[in-house]
Each structure stands twice: as structure tokens, then as C-alpha cells.
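All remarks here apply to the structure that follows.
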Ligand code: BGC
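Residue numbers (the numbering used here): 52 to 769.
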């Protein structure tokens with residue numbers, strides 16, 4: 052529709068109709084029978100007339116249902132303004148990919164983009180218009196269950212993956228391409244930093260840290276054209292995001308130049324009451340509208356009070372008009388006025404969901420997301436070895452992880468079956484855990500005694516991570532640790548394969564197991580690829596995007612922490628008055644960027660094209676990487692920068708570039724990175740982003756701890 056037509060439509064809308072557009076309800080409101088008003092309608096006090104005016108639906112999917120709901124709705128909606136359908140398509144729709152924290156371990160934006168494109172294709176055919184993804188909340192605390200939905204602890208990796216996800220979902224033309232979705236970046240802002248890792252808890256970030264570390268992921272998604280932003284539940288500077296004018300108007304709209312639709316999180320407008328900022332729904336609605344929230348997800352506050360609010364205060368009309376205009380524009384951008392059903396098509400849905408091509412991409416994603424954390428010459432398994440598979444995840448379909456709402460466990464492979472298929476007949480024995488607990492001396496234990504290697508498939512259940520799944524202990528469940536301890540007594544090589552949604556405290560596991568494979572929740576295709584990693588058909592290449600602590604007491608733990616006045620270094624083991632723990636090393640067990648391969652790589656000292664640079668110069672960094680093994684393998688080469696003297700305390704290192712390279716046996720490849728002034732800037736006390744003249748250390752290596760470095764000098768002038 053042309054802008055003029057859209058304007059004409061807008062001008063015809065009554066106040067009531069405008070208010071309706073700002074309300075979002077779940078799809079089940081449209082399942083009510085005609086006779087009684089019960090359940091969700093009653094709770095939110097929504098009438099049948101309201102239902103003919105509301106603007107959008109969340110969570111309803113399936114081409115047939117969506118076509119039915121839209122058809123019925125359009126019969127009743129006076130101006131024929133179609134409904135928008137939104138859903139949480141977080142790591143795949145029906146073909147489920149590894150959880151985002153796993154996908155991030157691929158350090159492969161192009162692959163991540165492909166997964167988003169496939170998720171869009173599947174869900175667009177099922178009638179979805181907008182996905183509540185990407186979630187780009189920076190995270191540092193593995194107690195928070197939602198770390199599984201994020202891409203980890205680093206701003207730069209976050210930015211690269213945020214851009215990739217938005218490109219994958221949205222493509223280049225939402226109006227013409229009905230296989231794509233509008234992307235909603237969330238949760239703005241800082242939701243990933245709740246105190247003590249407790250979901251929905253207070254967030255208290257300094258403005259420096261908020262701006263330097265936390266905002267850049269959202270900004271990247273916005274710059275890539277994300278159509279929607281979701282405000283977060285948490286406070287920023289003491290005010291919940293949903294009612295925070297400074298955050299949403301000054302920062303998001305003005306500074307970050309976001310002009311799309313802003314949606315609240317679930318019932319978050321009401322939560323302004325529980326936060327103690329509003330005494331009733333009406334006040335809450337005023338605060339949210341004043342802050343610039345366009346759509347009220349599931350609180351009812353806008354629906355019930357905006358008319359009254361506008362009638363009492365004329366200045367609020369303009370805010371409502373702006374919100375409604377943005378919503379209509381999004382509907383128009385999606386081509387809904389021309390085709391209210393858009394991609395919803397049962398035949399297409401049938402062909403697209405869980406198609407062989409989509410599953411191929413999922414397998415590729417699993418291949419690159421698995422992280423080999425430890426390998427004491429125990430993996431890959433050898434052809435003539437007798438292998439025992441044990442552990443609660445060996446025959447479990449609980450491999451999809453949280454937020455896989457349309458994934459089907461029935462379509463999910465089992466590790467036992469997958470490993471059986473990869474190994475020679477008779478090579479694999481499946482042993483039940485109870486055999487171990489019934490006493491290793493029972494006759495059922497014979498397979499264990501005869502094994503050459505034992506593989507224990509362990510981990511968390513899906514519900515243990517995700518929303519409202521904070522934990523104070525982040526070890527494996529106790530019975531699983533006990534199982535490992537018992538198995539260790541057999542004196543056999545022991546491999547732990549882990550399926551989980553957060554960095555775990557693996558200190559015990561790392562002492563007991565000779566090999567550790569971090570498989571995350573790998574999705575529908577996960578088991579087969581995990582089996583192939585075990586046999587060596589797939590050579591692991593994933594690298595952690597979040598540090599694994601030695602102990603939960605270390606969290607929040609992250610590689611890019613600030614320099615302190617009393618840094619603890621390895622040569623100061625005997626000094627007390629340093630920033631150190633008495634009972635545990637400061638370092639993580641497995642650092643950011645870490646991951647092993649069946650190949651081995653060595654790095655040359657990095658070199659630079661010159662040693663002194665002006666701010667206009669490009670810094671060209673070169674490093675030679677050698678595959679020192681007889682196996683073809685992939686390495687993620689990482690470049691970090693440290694500003695040695697600055698006006699604000701700097702992180703000890705910051706990721707600025709990375710490259711995934713594949714090397715034949717004994718091949719040497721030169722990797723070139725180019726840095727510009729932007730890579731050396733930070734937020735100065737006067738509020739400007741700029742770089743300082745002086746020394747910078749440039750570090751290149753295979754993870755955030757093992758790097759080689761070179762120092763350069765930045766000068767103000769030629
Ligand atoms: C979550 C969001 C999600 C929304 C809709 C909320 O509880 O915080 O991430 O998109 O529900 O399902």
C-alpha cells in the first residue's frame with residue numbers, strides 16, 4: 052500500500068480502533084466458543100468486540116489455524132486491517148538447531164544466518180510474520196537460565212551474530228519475499244545482567260558498561276534493519292525498561308536511531324505496579340506510552356485505559372497516534388494489506404517443515420557448534436574398540452532445549468541409535484546406569500569390564516535452562532556425578548558427552564573424564580552429529596562464546612574484565628593482597644574462545660605492517676597458522692586488542708576480529724586482519740567515542756588465554 056493510502060486508512064480509524072492495534076493477545080483467545088467467556092478472556096477482561104480490533108497475536112502458528120483466525124477476524128474488523136502474527140522462533144521452528152549459545156560456538160555468522168533463513172522459511176509457511184528473535188543480551192553469569200538463548204559474553208561476537216540473524220530472518224525485501232520474517236531484537240536493555248543471575252532481578256549497570264558492552268548487540272541488529280525491539284523486564288538506572296523514557300526515547304529512538312515498533316515483554320506494563328512505580332494499570336499504561344512502548348503484550352493496560360487516558364490528556368493522543376502509525380507501517384512492510392495470509396500455506400508448510408534440506412543445515416550447525424573441551428588421547432574412538440554407552444542422555448529425546456516450541460521430540464534422534472549406526476556391528480554395548488549403582492560386581496557389569504572405552508551421555512534436562520530457570524548450583528546433577536565417580540573406578544578411558552544449556556562447573560567432570568564433548572542442546576539432528584564427532588567422522592571446531600567457571604563462586608566471570616589495581620598474575624602466587632581468591636584460581640576452567648580439535652595448530656608471532664600508526668591508517672595484522680597434525684581441521688583464529696593507557700579503565704583484552712580457516716594436514720595459512728580507528732575507540736568521560744594516542748597490544752591466538760602479541764603505537768598526527 053502506498054503511504055498516502057495508509058495515511059487515509061489511519062485517518063479513518065476511531066480512537067477505539069487505534070487502541071485495539073496496540074494490544075497483543077495469545078492465539079488461544081481466538082479459540083473461545085461463542086457461548087461463554089472464560090479462561091484467558093475473562094482473566095484479561097477482553098470482550099468479543101475487543102477481539103475484532105486487537106492488532107496482533109503471539110504464539111499462534113500453523114497455516115490452517117492462522118488462515119482461519121485471519122479470515123474470521125477480517126470479517127469483523129471494520130476497516131479490514133489484518134492481524135500480525137508473532138512467535139518465539141528462537142533456534143528453529145520445526146527443524147531445531149542447537150540453542151543459540153551452541154550456535155554461537157560456531158563463530159560462523161554465515162552459517163548462523165542460514166539457520167535463521169531456514170527458521171524463517173518454515174515459520175513463514177506456518178503463518179508467522181514476526182519472530183521474537185534475535186536475543187542479543189550480553190551475559191556473564193551462568194546461573195541465569197537464559198544464557199542458553201544468547202550468543203555469549205562478548206560484544207563483538209554478539210554484534211556479528213546479531214547482524215547475521217537479522218539478515219537471515221528478514222532477507223532484503225519483506226514485502227516481496229514471503230519466506231522471511233520481521234525480526235524483533237530483545238530484550239532492551241541489559242536483561243542479561245540480573246543481579247546474582249536471578250531471572251527478572253534488578254539490573255544495575257554503570258552507564259559506561261551499559262554503553263560500551265551491552266548496547267552494541269542491539270545496535271548492530273537495529274543497523275541491520277530489525278523491524279522491532281522488545282523492551283526488557285528489568286530496571287535500568289532504577290526504572291524498568293518498559294517505563295523508562297530515558298532508555299527508550301533518548302537512547303533507543305534518538306541515539307540508536309530505531310524507528311520501528313517497540314513491544315513490551317509479556318505483561319511487563321502491569322509489572323510497573325509490582326515494581327512500585329505505578330499504583331494501578333492506568334498509571335502503568337501512561338508510563339509505558341510516555342516511554343514509547345507501542346504494543347502491550349498481554350497486560351490489558353493499553354486496551355482498558357488508553358481511550359480514557361487520551362480523552363483526559365490531549366498530549367497523549369499524539370503518542371498513541373505515533374505508536375499506531377508504526378504498527379500499521381510494519382503491517383504494510385510485510386505486505387499484509389495486499390495479502391493478509393502472506394506465507395501461510397498448508398502445502399508449502401507441508402513441504403518446508405523438517406525438509407531434508409533444512410535438516411542438512413541443522414546438521415552443519417551441530418557440526419560447528421560442538422566444543423571439544425578435553426581430550427586426553429581418548430577421542431576419536433577407534434575402529435576395533437569395544438565401546439560402552441551409558442548415562443541418562445543415551446536414550447533421551449530431550450535434546451532440543453528450551454524455546455523449541457514447535458520442535459517434535461518424536462523427530463529427534465537418539466544418541467544410542469545414532470552411535471550404533473556409526474560403529475561396526477557388535478562394537479557398541481548400551482549399559483543402564485542402574486547396573487553401576489546396583490554394584491559393579493553384578494553380572495550385568497560384564498560389558499563395562501570388557502569395554503575399551505566408556506562414553507557417558509549426561510547433562511541437564513531442558514527445563515533446567517531457559518526462562519525462569521536460574522540455578523545457584525551449576526554442576527551436573529548429583530546422580531550423574533556419582534555415576535562418573537563409579538565409572539572412574541573401573542580404570543577405563545572415560546568420555547563425558549554433555550547436553551546442557553549453560554556453562555557448567557565441570558571441575559569434577561574434568562578430573563574424572565579423559566574426554567569431554569560439549570554438545571549443548573543440539574536440536575533434532577544433534578545425536579547423529581555427536582556420534583560422528585565421537586567416531587571422528589566430524590572433526591570438532593567449536594569455540595566457547597562464554598567462559599566455563601571452575602566454581603559457581605567465580606561468576607560473573609568473563610574474559611574481558613577490567614584491569615584492576617592489584618592484578619593477580621602467575622608469577623605472584625605467594626602474594627596475598629591481590630585481586631584473587633584464596634580457594635580457587637582466578638581463571639575459568641575453560642576460557643572464552645576455547646575449543647579443541649582432533650587436529651593441532653600452531654601460531655607464528657603476529658606481525659604488523661608498521662609499528663606506528665596515525666588514526667587514519669589501517670593496521671594490518673598477519674599471522675601464520677599451521678596445521679601441525681595429519682588431520683584436516685578447522686581453527687577459529689582470534690584477535691584481541693588492549694589499550695594500555697586510557698582515560699577510563701579498559702578491559703584486559705577485547706575481541707576485535709576472528710576468522711574460521713580450514714587447513715589440510717601440515718598446511719600453513721597466513722591470516723590477515725585489518726583494524727581501523729574504530730577498533731581502538733571507547734567511551735570517554737566527556738561522553739565522546741574516540742581513541743587515544745599511545746600503545747596498544749594486539750594479541751592473536753586460538754582462545755582468549757593463549758595468544759601471541761605485538762605492540763603498536765597510535766599517534767594523533769602524521
Ligand atoms: C519472554 C520473551 C518472549 C515472550 C513471548 C517472555 O516471557 O521474556 O523473551 O519473547 O515471553 O513469549
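The beta-carbon is built from N, C-alpha and C at its ideal position, and this holds for glycine as well.
Extent of the continuous alpha helix (DSSP H) to which residue i belongs
i, result
"residue 99", "99 to 102"
"residue 267", "266 to 274"
"residue 577", "577 to 586"
"residue 120", "114 to 127"
"residue 558", "558 to 563"
"residue 169", "160 to 176"
"residue 539", "529 to 539"
"residue 130", "Where residue 130 is concerned, there is no enclosing alpha helix (DSSP H), given that its DSSP letter is neither H nor E."
"residue 240", "Run containing residue 240: none; DSSP gives neither H nor E here."
"residue 37", "Residue 37 lies beyond the residue range present for the chain, which begins at 52 and ends at 769; the question has no answer from this structure."
"residue 61", "54 to 63"
"residue 548", "No alpha helix (DSSP H) holds residue 548; the beta strand (DSSP E) holding it covers 545 to 550."
"residue 109", "Note, residue 109: premise wrong, no alpha helix (DSSP H); beta strand (DSSP E) at 107 to 109."
Collapsed DSSP secondary structure at residue i in the structure displayed
i, result
"residue 293", "helix"
"residue 520", "coil"
"residue 315", "coil"
"residue 79", "helix"
"residue 217", "helix"
"residue 686", "strand"
"residue 91", "helix"
"residue 196", "helix"
"residue 767", "coil"
"residue 448", "coil"
"residue 425", "strand"
"residue 389", "coil"
"residue 711", "strand"
"residue 372", "helix"
"residue 694", "strand"
"residue 151", "helix"
"residue 234", "strand"
"residue 574", "coil"
"residue 554", "coil"
Span of the beta strand (DSSP E) around residue i
i, result
"residue 566", "566 to 569"
"residue 654", "652 to 654"
"residue 673", "670 to 678"
"residue 412", "No beta strand (DSSP E) holds residue 412; the alpha helix (DSSP H) holding it covers 407 to 420."
"residue 470", "Taken as a continuous stretch (DSSP letters only), residue 470 belongs to no beta strand (DSSP E), being part of the alpha helix (DSSP H) at 466 to 473."
"residue 664", "663 to 665"
"residue 282", "279 to 282"
"residue 66", "Here residue 66 belongs to no beta strand (DSSP E); instead the alpha helix (DSSP H) covers 66 to 72."
"residue 770", "There is no way to answer for residue 770, as the model of the chain reaches only from 52 to 769."
Beta-carbon proximity list for residue i, same chain, < 8 Å, skipping 5 on both sides
i, result
"residue 256", "241, 244, 265, 287"
"residue 384", "225, 226, 233, 278"
"residue 321", "332, 335, 350, 351, 352"
"residue 393", "175, 178, 180, 229, 385, 386, 387"
"residue 514", "453, 520"
"residue 759", "654, 655, 656, 657, 674, 750, 751, 752"
Neighbourhood of residue i by C-beta distance below 7 Å, restricted to the same chain and skipping five residues each side
i, result
"residue 427", "565, 566"
"residue 212", "155, 160, 163, 202"
"residue 66", "358, 361"
"residue 822", "In this structure the chain extends from 52 to 769, so residue 822 is not present and cannot be described."
"residue 127", "103"
Any C-beta of chain C under 8 Å from that of residue i
i, result
"residue 764", "Of the chains in the structure shown, none is chain C; there is only one protein chain."
Other residues of its chain near residue i: CB distance less than 6 Å, five sequence neighbours each side excluded
i, result
"residue 246", "252, 253"
"residue 647", "423, 426"
"residue 317", "348, 349"
"residue 367", "360, 361"
"residue 455", "147"
"residue 326", "291"
"residue 644", "594, 689, 754, 755"
- Going along the chain, which residues put their C-beta within less than 5 Å of some heavy atom in the ligand BGC? 139, 183, 316, 317
Q: Could you name each continuous alpha helix (DSSP H) segment of 4 residues or more that falls completely within the stretch 324 to 369, going from the start of the chain to the end?
A: 332 to 342, 352 to 363
Practice task
Give, in chain order, every unbroken run of the beta strand (DSSP E) that is at least 3 residues long and sits entirely within the stretch 713 to 747.
Solution key: 719 to 726
**Item:** Sequence ranges, alpha helix (DSSP H) only - wholly within the stretch 475 to 515, length at least 4
**Value:** 484 to 488, 497 to 501
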